[in-house]
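Below is one structure, written out as structure tokens; comments come after it.
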Amino acid sequence: SQTIHQWPATLVQPVGSPLSLECTVEGTSNPNLYWYRQAAGRGLQLLFYSVGIGQISSEVPQNLSASRPQDRQFILSSKKLLLSDSGFYLCAWSVLDRLSEQYFGPGTRLTVT
Amino acid sequence: AQSVTQPDIHITVSEGASLELRCNYSYGATPYLFWYVQSPGQGLQLLLKYFSGDTLVQGIKGFEAEFKRSQSSFNLRKPSVHWSDAAEYFCALTGTASKLTFGTGTRLQVTL
Numbered sequence: 002s003q004t005i006h007q008w009p010a011t012l013v014q015p016v017g018s019p020l021s022l023e024c025t026v027e028g029t030s031n032p033n034l035y036w037y038r039q040a041a042g043r044g045l046q047l048l049f050y051s052v053g054i055g056q057i058s059s060e061v062p063q064n065l066s067a068s069r070p071q072d073r074q075f076i077l078s079s080k081k082l083l084l085s086d087s088g089f090y091l092c093a094w095s096v097l098d099r100l101s102e103q104y105f106g107p108g109t110r111l112t113v114t
Numbered sequence: 076a077q078s079v080t081q082p083d084i085h086i087t088v089s090e091g092a093s094l095e096l097r098c099n100y101s102y103g104a105t106p107y108l109f110w111y112v113q114s115p116g117q118g119l120q121l122l123l124k125y126f127s128g129d130t131l132v133q134g135i136k137g138f139e140a141e142f143k144r145s146q147s148s149f150n151l152r153k154p155s156v157h158w159s160d161a162a163e164y165f166c167a168l169t170g171t172a173s174k175l176t177f178g179t180g181t182r183l184q185v186t187l
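Read top to bottom, the protein sequences are chains A and B. Just so we're aligned, residue 2 is where the first sequence starts under my numbering, counting upward by one. Just so we're aligned, residue 76 is where the second sequence starts under my numbering, counting upward by one.
See below:
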């Protein structure tokens, strides 16, 4: 069966510090991968998605970036965090473009102080 | 542009009572629709999905949803709510390129 992992589960970082969140998927090949952010009281905002290694599409301009160094690994990064980067970050995967539901990881709670 | 509206931010029901969570969408063609549930501090779990065919779809945990094209709605229902159903519920649609558009969510509180 497929599983998706995210780490760390929680993170407190000062403003201006770098960020690296990791997401890995097991039990499937060539998944579509997604990063979402969920701010308090809001829905989920798609940040990045990837259909293959090295292929990243950005949905929202910001100081975040994403990379996919391996088929089942998706990394969310920032060189300098802002207060507004605080939130709950969710990674998801899917197969069969458009027709399949997305499966979500447990999330990372990021607090920027 | 596609959008999802969940008009109820917060709903409180008594355990054993019926539940209906509203979802309205805007999309130029027939969308693919989903309901997800999120327990506090957790990721999202898929409850059910509608792609085509029968407009009444059954999901996990006793939930069902009905797609009504004329009303652009996909409301979630459960005949008898359990205390463990307390969570946040998200309606979502995908139209193009497998990008999910989410509503802002409805927080369900269940009183005993």
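No residue lacks a Cβ here, since even glycine has one placed at the ideal position from N, Cα and C. All values reported here derive from a predicted model rather than from experimental measurement.
Scanning A:Q103, A:W94, A:L84, A:A93 for the CA closest to the CA of A40 of chain A turns up A:L84. Residue state for S148 of chain B is assigned as strand, using DSSP reduced to three classes. Residues are counted here when their Cβ sits less than 9 Å from a Cβ of chain A; for the segment 103 to 123 of chain B these are Y107, F109, Y111, Q113, G116, Q117, G118, L119, Q120, L121, given in chain order. By the rule that beta-carbons nearer than 7 Å mark a contact, F177 of chain B touches chain A.
Taking a C-beta distance under 7 Å as the contact criterion, S87 of chain A and S78 of chain A do not qualify as a contact pair. Contacts between G180 of chain B and chain A, judged by CB atoms closer than 7 Å, involve G44 in chain order. The DSSP-derived three-state label of S78 of chain B is strand. For K153 of chain B, the number of other beta carbons within 10 angstroms of its own is at least 16, and it is reported as buried.
In the three-state reduction of the DSSP assignment, K136 of chain B falls in the helix class, which pools H, G and I. The segment 41 to 65 of chain A contains, as complete beta strand (DSSP E) runs of 3+ residues, the segments 45 to 53, 56 to 59 (chain order). In chain order, L47, Y50, E60 make up the part of chain A whose C-beta sits under 8 Å from the C-beta of K174 of chain B. Here L20 of chain A carries a strand assignment [DSSP, helix/strand/coil]. One Cα belongs to S114 of chain B, the other to V79 of chain B, and the distance between them is close to 21 Å.
If you check the CB distance, T186 of chain B and S89 of chain B come in under 7 Å.
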